[in-house]
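**Q** Keeping their order, the protein sequence lines are chains U and S.
So the first sequence is numbered by our numbering: it starts at 6 and just counts up by one.
So the second sequence is numbered by our numbering: it starts at 6 and just counts up by one.
All residues carry an ideal CB built from backbone N, CA and C; glycine is no exception.
Number of protein chains: 2
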Amino acid sequence: MDKKEQILQAALKLFVEFGFHNTPTSKIAKEAGVANGTLFYFFPTKDDLVKALYLDVKSRLTNYVAETMRGESTLKEILKVHYTESLRWALEHKTEFLFIEQFNASTYLKQISCEEIEKHTKPFVAILKEGIDNKIIKPMDIGVLFTLIGGHTFAINKYLIDNQLSDSKGTEVIKDTFELIWDMIALKGD
Amino acid sequence: MDKKEQILQAALKLFVEFGFHNTPTSKIAKEAGVANGTLFYFFPTKDDLVKALYLDVKSRLTNYVAETMRGESTLKEILKVHYTESLRWALEHKTEFLFIEQFNASTYLKQISCEEIEKHTKPFVAILKEGIDNKIIKPMDIGVLFTLIGGHTFAINKYLIDNQLSDSKGTEVIKDTFELIWDMIALKGD
DNA sequence: GTCTATACACCGATAGAC
DNA sequence: GTCTATCGGTGTATAGAC
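#1: Quick check: is the beta carbon of residue 30 of chain S nearer than 8 Å to any beta carbon in chain U?
#2: Jot down the residue ranges of each uninterrupted beta strand (DSSP E) in the segment 134-175 of chain U, minimum 3 residues, whole runs only, in chain order.
#3: Can you find a C-beta in chain U that's less than 8 Å from the C-beta of residue 3 of chain S?
#4: For chain U, check one thing: does any of its Cβ atoms lie closer than 8 Å to the Cβ of residue 173 of chain S?
#5: With three or more C-beta pairs closer than 8 Å as the rule, is the segment 80-92 of chain U touching the segment 173-187 of chain U?
#6: Smallest Cα separation from residue 66 of chain U: which of U:141, U:8, U:191 and U:105?
#7: According to DSSP, residue 37 of chain U sits in a beta bridge with which residue or residues?
#8: Once you ignore the five residues that flank residue 134 of chain U on each side, which residues in its own chain have a CB closer than 7 Å to its CB?
#9: I'd like to check one pair, residue 112 of chain U with residue 17 of chain U: are the Cβ atoms closer than 8 Å?
#10: Residue 15 of chain U bridges to which residues according to DSSP?
#11: Determine the DSSP secondary structure at residue 110 of chain U, reduced to helix, strand or coil.
#12: With distances taken between CB atoms, is the gap from residue 158 of chain U to residue 164 of chain S smaller than 8 Å?
#13: For residue 121 of chain S, which residues of its own chain have a beta-carbon under 8 Å away from its beta-carbon, when the five flanking residues on both sides are left out?
#14: Going by beta carbon distance, what residues of the same chain come within less than 7 Å of residue 141 of chain S, once the five residues before and after it are set aside?
#15: Which residue from S:27, S:74, S:62 and S:68 puts its Cα closest to that of residue 51 of chain S?
#16: Let's see if you can read the secondary structure: which residues bound the alpha helix (DSSP H) around residue 7 of chain U?
#17: May I have the straight-line CA-CA distance separating residue 19 of chain U from residue 149 of chain S, to the nearest angstrom?
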């Protein structure tokens with residue numbers, strides 16, 4: 006693993022544990038096992054490091070979900086894989102999830118360009134739009150629909166992480182809550 | 006308005022605009038129109054100020070919702086008032102809402118005792134529990150149910166604030182999304 | 001209670017050797 | 001590319017007059 010990667014990993018760990026502002030770059034360098042100056046060689050400013058880390062984590066999540074897709078045919082199945090695998094990824098990458106949460110609520114978010122954000126959301130929004138057009142999903146504003154599903158996923162994620170459920174119990178909650186969401190947004194049964 | 010109140014108000018405004026770490030106590034004092042030392046007379050440390058502000062904002066929200074209750078009889082009506090009025094309050098107190106969001110995702114949250122948090126959630130959880138016991142709400146873990154409703158409310162809140170909808174459009178979204186939630190959690194129709 | 005003035009720790013960022 | 005050493009700015013908190 007190269008030094009740049011080590012720095013990102015160390016930053017992720019410390020940011021989640023202590024927050025952005027309580028994590029000096031000196032500590033990050035130390036945790037990463039590199040010199041102070043090396044950090045600034047790869048990331049000109051601390052802000053650059055935070056943003057690079059966000060983009061890195063985000064794309065890892067997006068890639069993971071994309072890879073688990075195995076040509077599901079119905080919209081319900083596609084959404085289920087999206088939901089289930091996002092949650093499963095977050096459960097196995099708690100630190101990454103908590104980092105995203107912290108970042109989203111921070112003032113850094115404004116500094117990420119719209120294109121950068123849309124790159125991750127666009128494919129999913131397209132799927133939802135298709136569902137509405139094909140009268141599988143209830144007709145509603147696409148933004149509201151996206152918000153609803155995102156909010157759900159995020160909330161259940163936090164619940165699972167905070168409550169340290171067993172694997173089987175966690176799987177059950179994920180399965181059950183997906184059916185609840187589906188009932189909420191689907192136009193009829195299946 | 007006394008100086009303590011002025012400080013809290015200034016801190017709220019600046020924290021939301023610049024984030025906790027980019028808001029020095031000196032700026033807060035200046036914005037509040039008090040001397041630097043005065044801030045530390047009321048709040049021994051900056052952390053104390055942040056936490057006091059959180060408790061203050063939280064109880065204002067809780068009180069507001071409690072006051073709007075006018076002896077609704079059915080569970081659906083009670084929940085609807087809770088949902089609607091929480092959103093309405095947040096829309097008229099955007100800064101307060103954004104502050105709560107930032108605080109919840111920060112490392113400060115750990116520093117708030119469980120009792121302090123439960124004070125605000127307990128009454129609501131009791132209502133939900135009653136709904137399950139009386140077979141009005143689908144049987145499920147009370148924690149999951151609370152998470153679901155909270156996540157929804159939070160997500161729609163953010164949507165409303167981010168998208169600057171007109172009053173009538175906003176009211177419509179609030180009304181529609183409540184029906185969606187209700188359909189999701191209710192055991193049958195009404 | 002409120003102010004002014006200031007101590008002093010800390011941290012982001014740079015310079016320059018290797 | 002990576003290191004060591006260090007500077008300058010900044011911000012929390014205190015001391016002490018009023």
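**A** This is what the structure holds:
#1: Numbered from 1 along the second sequence, position 25 holds the residue referred to as residue 30 of chain S. Interface residue (Cβ-Cβ distance to chain U less than 8 Å): residue 30 of chain S is not classified as such.
#2: As summarised for the segment 134-175 of chain U, there are no continuous beta strand (DSSP E) elements at least 3 residues long confined to that stretch.
#3: This structure cannot speak to residue 3 of chain S, because chain S is shown only from 6 to 195.
#4: Taking the second sequence and counting its residues from 1, one reaches residue 173 of chain S at position 168. The Cβ of residue 173 of chain S sits no closer than 8 Å to any Cβ of chain U.
#5: The segment 173-187 of chain U makes contact with the segment 80-92 of chain U, as at least three CB pairs between them are under 8 Å.
#6: Within the first sequence, residue 66 of chain U is the residue found at index 61, counting from 1. Minimum Cα-Cα distance from residue 66 of chain U among the listed residues U:141, U:8, U:191 and U:105 corresponds to U:105.
#7: If you number the first sequence from 1, residue 37 of chain U lands on position 32. Partner residues in a beta bridge of residue 37 of chain U, as assigned by DSSP, do not exist.
#8: Along the first sequence, read from residue 1 onward, the residue named residue 134 of chain U stands at position 129. Around residue 134 of chain U: 147.
#9: In the first sequence, the residue the question calls residue 17 of chain U occupies position 12. In the first sequence, the residue the question calls residue 112 of chain U occupies position 107. No; because the gap between Cβ atoms is not below 8 Å, this pair is not in contact.
#10: Here residue 15 of chain U refers to the residue found at position 10 when the first sequence is read from its first residue. According to DSSP, residue 15 of chain U shares a beta bridge with no other residue.
#11: Numbered from 1 along the first sequence, position 105 holds the residue referred to as residue 110 of chain U. Of the three classes helix, strand and coil, the one that applies to residue 110 of chain U here is coil, per DSSP.
#12: Residue mapping note: residue 158 of chain U aligns to position 153 of the first sequence, counting from 1. Residue mapping note: residue 164 of chain S aligns to position 159 of the second sequence, counting from 1. No, the Cβ-Cβ distance between residue 158 of chain U and residue 164 of chain S is not below 8 Å.
#13: Sequence index remark: in the second sequence, residue 121 of chain S carries index 116 (1-based). Hits under 8 Å: 60.
#14: Position 136 of the second sequence, counted from the first residue, corresponds to residue 141 of chain S. Once the five neighbours on either side are set aside, the close Cβ partners of residue 141 of chain S are 80, 191 and 192.
#15: As a position in the second sequence, residue 51 of chain S is number 46, starting the count at 1. That would be S:27, whose Cα lies nearest to the Cα of residue 51 of chain S.
#16: Position 2 of the first sequence, counted from the first residue, corresponds to residue 7 of chain U. In the DSSP assignment, residue 7 of chain U falls outside any alpha helix (DSSP H) and carries neither an H nor an E.
#17: Taking the first residue of the first sequence as position 1, residue 19 of chain U is located at position 14. Taking the first residue of the second sequence as position 1, residue 149 of chain S is located at position 144. Rounded to whole angstroms, residue 19 of chain U to residue 149 of chain S spans 29 Å at the Cα level.
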